[in-house]
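Under mature numbering (1 follows the signal peptide of the UniProt record, and there is no 0), read the sequence shown as residues -23 to -1, 1 to 375, first letter to last. Where a beta carbon is used, it is the ideal one built from N, C-alpha and C, also for glycine. Values in this document were obtained by computation on a predicted structure and should not be read as measured data.
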Amino acid sequence: MLWSIIATGAVLAIACLSIAVNCQSPLAEGVPSTSIELAETPSYLVLTPRKIRPELELGVSATVFRMLYDSITFRVSIRRIQYSIPDYEINYAEETFTQPGSRIIRLKAPENIPEGNYSIFVEGSVESLGGLLFQNRTELIFEPRVFSVYIQFSKPLYAMGDLIKFRVIPYEFNLMVKNRLFTSVELVDPNGIVVRRWLSPRTNARGYLELSFQLPPTCSFGEWKVRCNRESFVSEKKFTVSYNVVKTMCAVNLTLPLRLSEFAFGVYGILEANHTTNVPSQGNATIRLEFRPRWSSVVLGTLVKEIPYFLGRSNFLFTMQEIQAELKLKDRPADLDVYGEAFVFDWNFLVTDNNKAQSVIFREVPDLKFLGGRVRQFKPELPYTAYVRQLTYILYQK
C-alpha cells in the first residue's frame, strides 16, 4: 500500500502554530539585518494510503510531536470529487489528541461506492478556538477490485458439443476463501455475444462456484471467456473451443518398452487401431523394426513382420535370435536404438494409417579397461593406484 505525507506543521501550520518571535521579519525594529530566521519545528505528521477499494478499511497514521494547545482534533474524510456539483463525503472519522503521541485513525469505504475521482481530506482544529489549524487534500487511486478470482476449467481445450465445466473461486487478499455474491457470471463467445448468464449465483459451502454449459454441435470456435461481475469489478478468463476436423478414419497406436536389456527374450510390443467412433479397426497390419547403433543414423538392419488378420489389437515379438541373425552379430544385440513403425490397412474404409515408436537395447554387462601401459611399477606394502574406464562400443557392420 502506498503512503503519502500530506501535512507537516512546518509547511501548512506555520501561521497558526508559530510563536510570535518567528512571525516577525528579520528587518523589524531591534533585529539586526544579519540575523537568521530559524525554521519552525514540525508539530505533527500525517500518513495516508494512496489506494481505495470498496469495503477497504483505510488506516491513517497521525502523530503529534508537541502540543501547542490543550487539545487538537484530527478529522479525516473521504470525498468524491465532482466538478459540476459540490463534493460528496463518503465517510469520515475523528480523533482528539491531548498529549503528544501516535494513533491510527480508521475509516471504511462503503461496499457500493461507484467508480470516480476520490480524495482524502485531513483537517486539524482546536475546539476552544473554533477554527482550522491546517487542512490538506490528497488524491486517491480508485481500484474497483474487491477481491481476487481464480477460474479453473475441467480441461484446457474444448471441441464442439463438449460439456464445459468450470469453477470460480473468490478469495480475499489474505488468500482466505469467503462466501461472495457475484452480480452475474457470463459465458461469452468469440464474437462478444453473451451465450449464457447466471444471475446472482451463490457459492457452495466450500466457498466456490461450480457451473457447466453444454456446447451445441455447431458453434463459434475460437477464444471464449468466462466473465465474473460484481458492481464495477470485472474478472474474466479465456479458453479455447477448437474446430474439430477428422483427418484420419483410424487411430493407430504402437507401444514399445522404453528400455530393453540385452538378456531380454526379444523386442515386444502392442499394436492398437480404432476408428474415430472407437470401433476396432478390421484389416491387416505390418510392423517394421529398424536397428541403429546408439547416437548414430546408420541402419544396421531391418525386420518386418506381417499380421494377415488384425482386429483392433495385436501383440508382437521379435526374438533376440532373429535380431542377431538379421544383423549378423557374433554376440547378443546390445547398445542399439530400435525404431518401430506400424502400418494398418482398414478393409472397411480402404485406408492405411501408421504410427511410430522407439526403444533402446542397452548393454547390461559393462566393458572395463585399465588405463596405462602393460608394464606398471609397484612397491611391496605400499598403496597402488589403478584407473579403470568403462567403454561403450558403437556397433557398425560393413
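Item, Value
"CB contact flag (T263, E283, <8 Å)", "yes"
"Continuous alpha helix (DSSP H) stretch holding A136: start and end", "Taken as a continuous stretch (DSSP letters only), A136 belongs to no alpha helix (DSSP H), being part of the beta strand (DSSP E) at 134 to 136."
"One or two residues paired with V282 in a DSSP bridge", "Looking at the sequence shown, residue 282 is not Val but Lys. Answer by DSSP bridge pairing, in chain order: I264."
"Minimum C-alpha distance to L248 - residue among N230, R57, R353", "N230"
"For P360 and R275, the rounded distance between their alpha carbons", "Checking the sequence shown, residue 275 turns out to be Val, not Arg. Near 46 Å, if we compare the C-alpha coordinates of P360 and V275."
"Coarse secondary structure for Q367, derived from DSSP in three states", "strand"
"Buried versus exposed call for I170 [16 or more other C-beta atoms within 10 Å across all chains shown]", "exposed"
"Integer-rounded CB distance, given that R57 should sit under 8 Å from S20", "So it is not a contact: roughly 31 Å between Cβ atoms."
"Assigned secondary structure, residue 376 (DSSP; H/G/I helix, E/B strand, else coil)", "Residue 376 is absent from the structure shown; the chain starts at -23 and stops at 375."
"Contact set for S291: own chain, Cβ-Cβ below 7 Å, skip 5 residues either direction", "L248, A262, I284"
"Beta-carbon contacts of residue 377 that lie in its chain and below 6 Å, excluding the five residues immediately before and after", "The structure shown has nothing for residue 377, since the chain only spans -23 to 375."
"Coarse secondary structure for L304, derived from DSSP in three states", "helix"
"Residues bridged to L109 [DSSP beta-bridge criterion]", "S102"
"Residue closest to S177, alpha-carbon to alpha-carbon, out of R183, P167, G199, L188", "L188"
"Spatial distance of F159 from W175 (CA atoms)", "9 Å"
"The segment 126 to 146 contacting the segment 201 to 216, beta-carbon criterion three pairs below 8 Å", "yes"
"Nearest residue (CA-CA) to F320, options D312, T25, V154, N331", "N331"
"Secondary structure of V53, DSSP reduced to three states", "strand"
"CB contact flag (A363, F347, <8 Å)", "yes"
"Counterpart residues of V126 in DSSP-defined beta bridges", "P147"
"Beta-carbon contacts of L237 that lie in its chain and below 8 Å, excluding the five residues immediately before and after", "V244, V315, S336, V337, I338, F339"
"CA-to-CA distance, L45 to N206, given in whole angstroms", "52 Å"
"Straight-line Cα distance separating I29 from residue 394", "Outside the displayed span of the chain (-23 to 375) sits residue 394, for which this structure offers no information."
"Contact belief for R265 with E318 at Cβ below 8 Å, rounded distance in angstroms", "5 Å"
"Touch test, the segment 96 to 104 against the segment 52 to 67, Cβ-Cβ under 8 Å, three pairs minimum", "yes"
"C-beta contact flag for Q192 and Y135 at 8 Å", "According to the sequence shown, residue 192 is Leu rather than Gln. Contact: yes."
"Straight-line Cα distance separating L152 from V365", "58 Å"
"Residue of G184, L235, V218 minimising C-alpha distance to P147", "G184"
"S38 Cβ short of 7 Å to the ligand HEM heavy atom set", "No copy of the ligand HEM occurs in the structure displayed, which carries no ligand at all."
"CA nearest to the CA of I118, picked from Y69, L288, N94", "N94"
"Whole-angstrom distance between L313 and K271, CA atom to CA atom", "The amino acid occupying residue 271 in the given sequence is Arg; Lys does not appear at that position. Cα-Cα distance, rounded: 5 Å."
"Which listed residue (F130, E267, P91, P26) has its alpha carbon closest to that of I81", "P26"
"Distance, I141 Cα to N89 Cα", "32 Å"
"From L235, A86, V162, residue whose alpha carbon lies closest to that of F190", "V162"
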